[in-house]
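Trainee: My questions will all concern the structure given below.
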Amino acid sequence: MPDAPEISIVIPVFNEAENIPVLHAEIAEAMAKLGKTYETIFVNDGSRDATPEILENIAAADRRVKVIRFGRNFGQTAAMSAGFHYSSGKVVIPFDGDLQNDPADIPEILKVLDQGYDVVSCWRKKRKDRWLTRRLPSIIANKIISLVSGVELHDYGCTLKAYRSSILQHIHLYGEMHRFIPVYAYWAGARVTEIKVNHRPRKFGKSNYGLLRTVKVLLDLITVRFLGSYSTKPMYLFGGMGGFLCGGGVFFALITLYQKIAQEVKAHRNPLLLLAVFLFILGIQFILIGLVAELLIRIYHESQGKPTYVVRETLNLPAVPPGQEGSGRWPGGSFNASAQNRGIE
């Protein structure tokens, strides 16, 4: 779009009536110093306070402010996903609506992004939250996520990040998975880095987060790990587990046979026989689940025309394969849409 802004700031809000006017003013001040065009997209996630009226007034006074209103509360991930879909900037910066993220950090974030990175994740090193219920669970969760994903970041939970819009085009968010976007991007070949940012205590309203959220994040991590490693080859996981279990069944069956011959232990009284049968049947079931998963994966990719790879750029080739232009069925060439068709002189 020729008139698209350079930067899109996406802000999910839920009952943040007192914080929104202050945040809007702070963002306007920070962006005025940068001299870049921008839009601010507020996603009203089913607020029950004066948030809708305040957003309507701000949008009427400032055309750079866009508002998306949900009929009910769908959660932060859904709100952020909607903001991403409606954004038109080359760089997308999500923000919390509680004033704890500092808009004054935006210039430094963009400066780091311009050094050749695709994702800049922010680290609230001096976090202004309660230690037991917020900071400690976050520290534990971040270490587990870094270990499992292979992407070492100190603060996955910080909403404040910067993404090149091209990397968001092939990412679909569910559950609490917005915090895993750097992982998805890294697995797709994006360059990810991290910087320290300011974090402020909450002045108005109350936090909607609790310990249960940490549990949900860890459960989502299992899904993320599966999607990252086995989304196109589920048989490797289920078949491997099935083979291991079948091998265990055969092993215990051989022990049962040995005890029958050498020690005269009656097989029908030996619990190892039951264990061998159980493990072998369970292994066969895992292998069959793997086969079903393979069929589902193929249906998923082929029915949507969804490739199993992500194209970063092409040389002397179009970004989209011939015959696929305008079909809306070729996400494979969408990773770096701003720099795809590069010729060689």
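Each number in the numbering used here comes from the position in the sequence shown (counting from 1) with 1300 added on.
The beta carbon of each residue, even a glycine, is placed where N, CA and C say it ideally should be.
Note that the coordinates shown come from a computational prediction; the quantities given were computed from them, not determined experimentally.
Does DSSP put Y1463 in a helix, a strand or coil?
Mentor: strand
Trainee: My output table needs one value for P1571: the three-state DSSP class, helix, strand or coil.
Mentor: helix
Trainee: Under 7 Å, do D1345 and F1314 count as touching if we go by C-beta distance?
Mentor: yes
Trainee: Specify, as a first and last residue, the run of the beta strand (DSSP E) that Y1338 falls within.
Mentor: 1338–1344
Trainee: Kindly confirm or deny that the stretch 1468–1477 and the stretch 1374–1382 touch, where touching means at least three C-beta pairs closer than 8 Å.
Mentor: Contact holds: three or more Cβ-Cβ distances are below 8 Å.
Trainee: Which first and last residues belong to the alpha helix (DSSP H) in which W1487 is found?
Mentor: 1481–1487
Trainee: Exposed or buried, what is T1556 when buried is set at 16 or more other beta-carbons lying within 10 Å of its beta-carbon?
Mentor: buried
Trainee: So, T1463 versus V1392, is the Cβ gap smaller than 7 Å?
Mentor: The sequence shown places Tyr at residue 1463, rather than the Thr named in the question. Yes, the pair counts as a contact, with Cβ atoms nearer than the cut-off.
Trainee: Where does S1519 land, buried or exposed, given buried means 16+ other C-beta within 10 angstroms?
Mentor: Ser is not the amino acid found at residue 1519; the sequence shown has Leu there. It is exposed - the Cβ of L1519 has fewer than 16 other Cβ atoms within 10 Å.
Trainee: Report the rounded CA-to-CA distance for G1548 versus G1539, giving the unit in angstroms.
Mentor: Between G1548 and G1539, the alpha-carbon positions lie close to 14 Å from each other.
Trainee: Helix, strand or coil for E1329 per DSSP?
Mentor: helix
Trainee: Which residue or residues does DSSP assign as beta-bridge partners of C1422?
Mentor: I1495
Trainee: Out of S1347, A1350, P1312, which one is the CA nearest neighbour of T1340?
Mentor: Ranking the options by Cα distance to T1340, first place goes to P1312.
Trainee: If you reduce the DSSP assignment to three classes, tell me which class P1312 lands in.
Mentor: strand
Trainee: Tell me whether S1634 sits in a helix, a strand or coil according to DSSP, three-state version.
Mentor: Residue placement at S1634 is flagged as unreliable, the pLDDT there being 41, under the threshold of 50; the coordinate-derived value follows with that caveat. Coil at S1634, not helix or strand.
Trainee: Anyone know if the C-beta pair for G1496 and W1431 falls short of 7 Å?
Mentor: With the sequence shown as reference, residue 1496 is identified as Lys, and Gly is not the correct amino acid for it. Contact: no.
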